[in-house]
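If you use the working numbering, the sequence shown corresponds to residues 7 to 463, in order.
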Amino acid sequence: MKLAKAKIVFVCRECGADSPKWLGRCPNCGAWNTMAEEKIREAAVVANKSGILAKPQLITDFNEDHVSLYRPTGIGELDRVLGGGIVAGSLTLVGGDPGIGKSTLLLSAASQFSRRYGAVLYVSGEESAAQTGLRAKRTGAVDEKVWVMSETNLDSILTETQKLQPVLLVIDSIQTMFSPDVPGTVGSISQVRESTGRLLRFAKDSGIPIMIVGHVTKDGSIAGPRLLEHMVDTVLYFEGERNYAFRVLRPIKNRFGTIAESGIFSMEKQGLVEVKNPSKFLLAERGGAASGSSVTACLEGIRPLLIEIQALVSTTCFGLPRRTTAGFDSNRLALLLAVLEKRQGMMLGNQDVYVNAVGGFKLIEPAADLAVCLAVASSFRDRSIDRALVVLGEVGLTGEIRMVPRAVQRVREAANLGFGKILIPYGNLAEIKKEPFPNIEMIGVRTLSQAMEVGLQ
Numbered sequence: 007m008k009l010a011k012a013k014i015v016f017v018c019r020e021c022g023a024d025s026p027k028w029l030g031r032c033p034n035c036g037a038w039n040t041m042a043e044e045k046i047r048e049a050a051v052v053a054n055k056s057g058i059l060a061k062p063q064l065i066t067d068f069n070e071d072h073v074s075l076y077r078p079t080g081i082g083e084l085d086r087v088l089g090g091g092i093v094a095g096s097l098t099l100v101g102g103d104p105g106i107g108k109s110t111l112l113l114s115a116a117s118q119f120s121r122r123y124g125a126v127l128y129v130s131g132e133e134s135a136a137q138t139g140l141r142a143k144r145t146g147a148v149d150e151k152v153w154v155m156s157e158t159n160l161d162s163i164l165t166e167t168q169k170l171q172p173v174l175l176v177i178d179s180i181q182t183m184f185s186p187d188v189p190g191t192v193g194s195i196s197q198v199r200e201s202t203g204r205l206l207r208f209a210k211d212s213g214i215p216i217m218i219v220g221h222v223t224k225d226g227s228i229a230g231p232r233l234l235e236h237m238v239d240t241v242l243y244f245e246g247e248r249n250y251a252f253r254v255l256r257p258i259k260n261r262f263g264t265i266a267e268s269g270i271f272s273m274e275k276q277g278l279v280e281v282k283n284p285s286k287f288l289l290a291e292r293g294g295a296a297s298g299s300s301v302t303a304c305l306e307g308i309r310p311l312l313i314e315i316q317a318l319v320s321t322t323c324f325g326l327p328r329r330t331t332a333g334f335d336s337n338r339l340a341l342l343l344a345v346l347e348k349r350q351g352m353m354l355g356n357q358d359v360y361v362n363a364v365g366g367f368k369l370i371e372p373a374a375d376l377a378v379c380l381a382v383a384s385s386f387r388d389r390s391i392d393r394a395l396v397v398l399g400e401v402g403l404t405g406e407i408r409m410v411p412r413a414v415q416r417v418r419e420a421a422n423l424g425f426g427k428i429l430i431p432y433g434n435l436a437e438i439k440k441e442p443f444p445n446i447e448m449i450g451v452r453t454l455s456q457a458m459e460v461g462l463q
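Here it is as structure tokens:
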């Protein structure tokens with residue numbers, strides 16, 4: 007590669023668009039104050055490493071003999087998110103907040119993968135090799151086939167990778183890598199973009215799958231240009247609240263599988279542990295028959311989870327009542343309280359209302375509306391809800407109960423955990439009756455009034 011002299015341009019940190027002069031607003035994505043000064047190459051001649059020119063091929067010529075199948079990592083929750091496992095020559099980006107467990111997850115995956123398939127190279131640009139080894143011992147991710155390298159020079163990393171020929175390469179993190187041929191400091195847009203591009207080309211040429219860790223910005227997006235997410239094959243976000251043990255791995259992009267799945271982990275003393283039955287774990291400490299508690303089945307991707315909804319209604323001491331939520335949208339709660347006041351005659355204007363989704367999960371789908379309404383009404387009237395009842399349904403402004411998607415999967419999860427009754431929208435009854443659920447009673451309701459009569463004891 008022969009490089010010409012570099013020139014100064016201004017690159018958008020959000021979308022990667024460039025301009026010869028500084029602009030307050032990016033002309034491509036419209037973001038304000040995102041143009042950063044960078045040095046880029048005016049011209050470059052890039053040669054094909056193999057020296058063989060690519061030729062077009064018929065898409066019908068490819069079959070399973072030409073394309074490697076998925077290789078399971080040995081971590082079931084990670085394989086679920088990836089679509090079955092790691093694909094040869096793929097480039098996977100894992101992002102998340104600092105300290106959430108990204109490095110721990112990939113180190114565990116490297117250990118499990120090496121036991122199944124061979125040598126794995128784990129490159130850390132943020133820790134020394136000794137520090138990585140100590141973390142591996144603490145989390146039980148020690149294996150004799152895992153090689154550790156503390157390096158940030160991408161040329162050295164790719165050279166050692168070609169010598170070792172591992173079955174998997176892990177880069178932690180992409181923001182610490184630099185290419186000597188590219189001007190700019192470590193972590194700059196040009197360095198991150200070029201490093202990712204070189205890793206992508208290396209993965210496709212060699213067939214070695216690569217997993218990279220990406221830092222996130224204050225708003226939770228991957229640091230660097232959005233072009234980074236377009237370049238890789240798979241983008242995974244590792245999320246969770248620091249005060250809770252649960253961690254959720256969500257796919258944002260996956261060229262080899264669905265983005266509707268999710269993986270759930272628990273951060274324990276020995277590291278990340280798979281939670282194979284999260285519903286049972288979430289309901290393990292559920293109290294006795296008390297008012298203000300209901301259970302709903304929400305989807306985490308396409309995975310049903312049974313979550314307890316707790317509500318507390320008490321007379322306010324101030325002129326303006328409080329509406330406080332944890333894990334539930336406060337604007338959605340205000341809407342539901344207005345429906346309860348108008349359609350059920352509950353005078354909540356002088357009541358403080360607190361709603362909590364137990365376990366630290368964030369409920370973003372409307373299927374939890376009816377459970378929230380019943381929990382609030384239960385606390386307001388001091389009447390308990392049947393502990394064997396699971397509540398599903400979206401509540402409309404006129405008090406009607408609307409259908410929810412994937413009702414069969416939700417009912418199946420409730421039946422597996424031993425619940426004997428389920429309160430569902432009447433429109434979902436026909437769908438559910440096609441499946442045999444002999445040990446659970448299904449009660450269809452059309453309006454909020456009907457749900458109140460059935461749900462409150």
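Just so it is clear, CB atoms sit at the ideal spot from N, CA and C, and this is done for glycine as well.
This structure is a prediction, so every number in the text was calculated from the model and none was measured.
{"query": "Limits of the alpha helix (DSSP H) - the one that tyrosine 123 falls within", "result": "108-123"}
{"query": "Same chain, Cβ closer than 6 Å to serine 96, five either side skipped, listed in chain order", "result": "Pro215, Asp239"}
{"query": "For methionine 7, three-class secondary structure by DSSP", "result": "At methionine 7, the pLDDT of 41 sits below 50, so the modelled position is not reliable; the number obtained from the coordinates is stated separately. In the structure shown, methionine 7 sits in coil (DSSP, three-state: anything other than H, G, I, E or B)."}
{"query": "Per DSSP, the bridge partner or partners of glutamine 357", "result": "Thr321"}
{"query": "Distance CB(glycine 333)-CB(phenylalanine 367) smaller than 7 Å", "result": "yes"}
{"query": "Residue interval of the alpha helix (DSSP H) (run including leucine 341)", "result": "336-350"}
{"query": "Best match in Phe119, Ala37, Val152, Gly124 for proximity to serine 130 [C-alpha to C-alpha]", "result": "Val152"}
{"query": "Contact under 7 Å by Cβ, arginine 349 with leucine 454", "result": "yes"}
{"query": "Option nearest serine 272 by Cα separation, candidates His236, Arg309, Arg253", "result": "Arg253"}
{"query": "Inter-residue Cα distance where the pair is arginine 418 and serine 297", "result": "26 Å"}
{"query": "According to DSSP, residues forming a beta bridge with methionine 155", "result": "Val129"}
{"query": "First and last residue of the uninterrupted alpha helix (DSSP H) at threonine 138", "result": "135-145"}
{"query": "Start and end residues, beta strand (DSSP E) containing threonine 98", "result": "97-102"}
{"query": "Backbone CA spacing between lysine 8 and aspartate 24 [nearest angstrom]", "result": "Low confidence applies here, because lysine 8 scores a pLDDT of 43, under 50, leaving its location unreliable and the question unanswered by this model."}
{"query": "Best match in Lys282, Thr404, Ser300, Gly365 for proximity to glycine 82 [C-alpha to C-alpha]", "result": "Lys282"}
{"query": "At least three beta-carbon pairs within less than 8 Å, the region 110-121 to the region 199-208", "result": "no"}
{"query": "Exposed unless 16 or more other CB atoms sit within 10 angstroms - verdict on glutamine 541", "result": "With the chain covering 7 to 463 only, the question about residue 541 has no answer from this structure."}
{"query": "Own chain partners of alanine 115 with C-beta closer than 7 Å, once the 5 adjacent residues on each side are dropped", "result": "Thr79, Ile81, Leu84"}
{"query": "Cβ-based burial, arginine 19 [other Cβ within 10 Å; buried from 16]", "result": "buried"}
{"query": "Glycine 399 vs isoleucine 391 beta-carbon contact at 7 Å", "result": "no"}
{"query": "Residues that glycine 293 bridges to, as DSSP identifies them", "result": "Note: glycine 293 sits in no beta bridge, so no partner."}
{"query": "Cβ-based burial, leucine 75 [other Cβ within 10 Å; buried from 16]", "result": "exposed"}
{"query": "Continuous beta strand (DSSP E) assignments of at least 3 residues falling wholly in the region 147-228", "result": "152-156, 174-178, 216-220"}
{"query": "Straight-line Cα distance separating glycine 307 from glutamine 316", "result": "23 Å"}
{"query": "Per-residue DSSP class, three states only, for serine 455", "result": "helix"}
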